[in-house]
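Visitor: If you scroll down you'll find the structure; I have some questions about it.
Residue numbers (this note's numbering): 58 to 285.
Structure below.
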């Protein structure tokens with residue numbers, strides 16, 4: 058595995074927000090990493106020069122134990138699955154974006170009668186589902202890994218049909234004072250940190266609606282469709 062040295066960043070410099078492009082100010086220096094805070098969309102993000110290398114990311118992901126049959130893991134994913142299932146029409150078709158090596162959420166949605174395609178840049182790299190449109194796209198514990206979240210969310214947006222849903226689960230960042238000691242920040246592959254306001258900002262910019270049924274879950278709906 059090839060290591061990547063962290064490049065020091067002047068603490069008073071500014072950086073374009075990786076999600077909305079607004080001017081973001083230096084936020085905090087922690088564990089030899091520099092983070093920025095966007096005043097427009099609320100994203101907190103690691104300076105791009107300090108992102109982990111691709112082989113480092115993959116090696117770290119392989120240490121995760123996400124068994125699709127683990128009841129505890131399924132309970133965790135049900136925080137997104139249940140409110141989404143309550144809103145989906147019968148026999149919807151969707152995409153699990155960033156499904157990982159054990160696509161448990163896809164299995165849960167299939168068990169509920171829906172069709173689910175898979176995509177993951179490391180573990181299910183077939184790009185075919187990315188050129189299709191879907192009734193729903195789910196993205197669980199993935200958005201925090203986006204090196205270019207603006208591009209990633211533009212792609213996710215394009216794949217949702219009118220009347221469809223983009224369902225995202227990621228640990229919402231809430232307390233700036235504790236950011237430096239936050240366990241979620243300390244994961245070396247986590248580079249982008251969202252607030253509830255970040256997803257509401259996206260929905261407003263897109264002309265979509267946004268619901269937050271439980272903490273750390275955002276359901277964004279595209280207008281249109283038969284049931285809109």
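For each residue, glycine too, the CB sits at the ideal point set by N, CA and C.
If you're wondering where the values come from, they're calculated on a predicted model, not measured in any experiment.
Are residue 157 and residue 130 touching if we call contact CB-CB under 8 angstroms?
Guide: Contact flag unset, no.
Visitor: Buried or exposed: which applies to residue 206, given that a residue is buried once 16 or more other Cβ atoms fall within 10 Å of its Cβ?
Guide: Classification of residue 206: buried, given that the 10 Å Cβ count is 16 or more.
Visitor: Quick one: using the 10 Å Cβ neighbour count with 16 as the cut-off for buried, is residue 271 buried or exposed?
Guide: Flag for residue 271 reads exposed.
Visitor: Among 160, 135, 111, 94, which residue has its Cα nearest to the Cα of residue 273?
Guide: Nearest C-alpha to residue 273: 135.
Visitor: 8 angstroms is my cut-off, CB to CB: does residue 251 come that close to chain C?
Guide: The structure shown contains no chain C; it holds only a single protein chain.
Visitor: When the Cα atoms are used, what is the spatial distance from residue 47 to residue 89?
Guide: The shown model of the chain, from 58 to 285, leaves out residue 47, and the question about it has no answer.
Visitor: For a minimum of 4 consecutive residues, which ranges assigned as the alpha helix (DSSP H) are wholly contained in the region 137–199?
Guide: Listed in chain order, the complete alpha helix (DSSP H) runs (minimum 4 residues) inside the region 137–199 are 161–168.
Visitor: Buried or exposed: which applies to residue 196, given that a residue is buried once 16 or more other Cβ atoms fall within 10 Å of its Cβ?
Guide: So residue 196 counts as buried.
Visitor: Return the CA-CA distance between residue 112 and residue 179, expressed in angstroms with no decimal places.
Guide: So the alpha carbons of these two residues sit roughly 10 angstroms apart.
Visitor: Going by C-alpha to C-alpha distance, which of 165, 70, 279, 78 sits closest to residue 208?
Guide: For residue 208, the nearest C-alpha among the options comes from 78.
Visitor: With which residues is residue 266 paired in a DSSP beta bridge?
Guide: Beta-bridge pairing links residue 266 to 278.
Visitor: Could you pull the start and end residues of the alpha helix (DSSP H) that residue 99 belongs to?
Guide: Here residue 99 belongs to no alpha helix (DSSP H), and DSSP marks it neither H nor E.
Visitor: Do residue 192 and residue 149 have their C-beta atoms closer together than 8 angstroms?
Guide: In contact: residue 192 and residue 149 (Cβ atoms closer than 8 angstroms).
Visitor: Which residues does DSSP pair with residue 72 in a beta bridge?
Guide: In the DSSP output, where bridge partners are listed per residue, residue 72 has 81.
Visitor: With distances taken between CB atoms, is the gap from residue 269 to residue 108 smaller than 8 angstroms?
Guide: Their beta carbons are not under 8 angstroms apart, which means residue 269 does not touch residue 108 by this criterion.
Visitor: Residue 227 and residue 189 look like a contact to me (Cβ under 8 angstroms); what is the Cβ gap, rounded to whole Å?
Guide: That belief does not hold up - the Cβ atoms of residue 227 and residue 189 are roughly 24 angstroms apart, past 8 angstroms.
Visitor: Which term fits residue 110, buried or exposed, when burial requires 16 or more other beta carbons within 10 angstroms of its beta carbon?
Guide: It counts as exposed.
Visitor: Going straight from the alpha carbon of residue 282 to that of residue 221, what length do you get?
Guide: One C-alpha to the other measures close to 8 angstroms.
Visitor: So what does residue 225 bridge to, in DSSP terms?
Guide: Answer by DSSP bridge pairing, in chain order: 196, 275.
Visitor: Go ahead and pull the three-state DSSP assignment for residue 245.
Guide: Here residue 245 sits in coil by DSSP.
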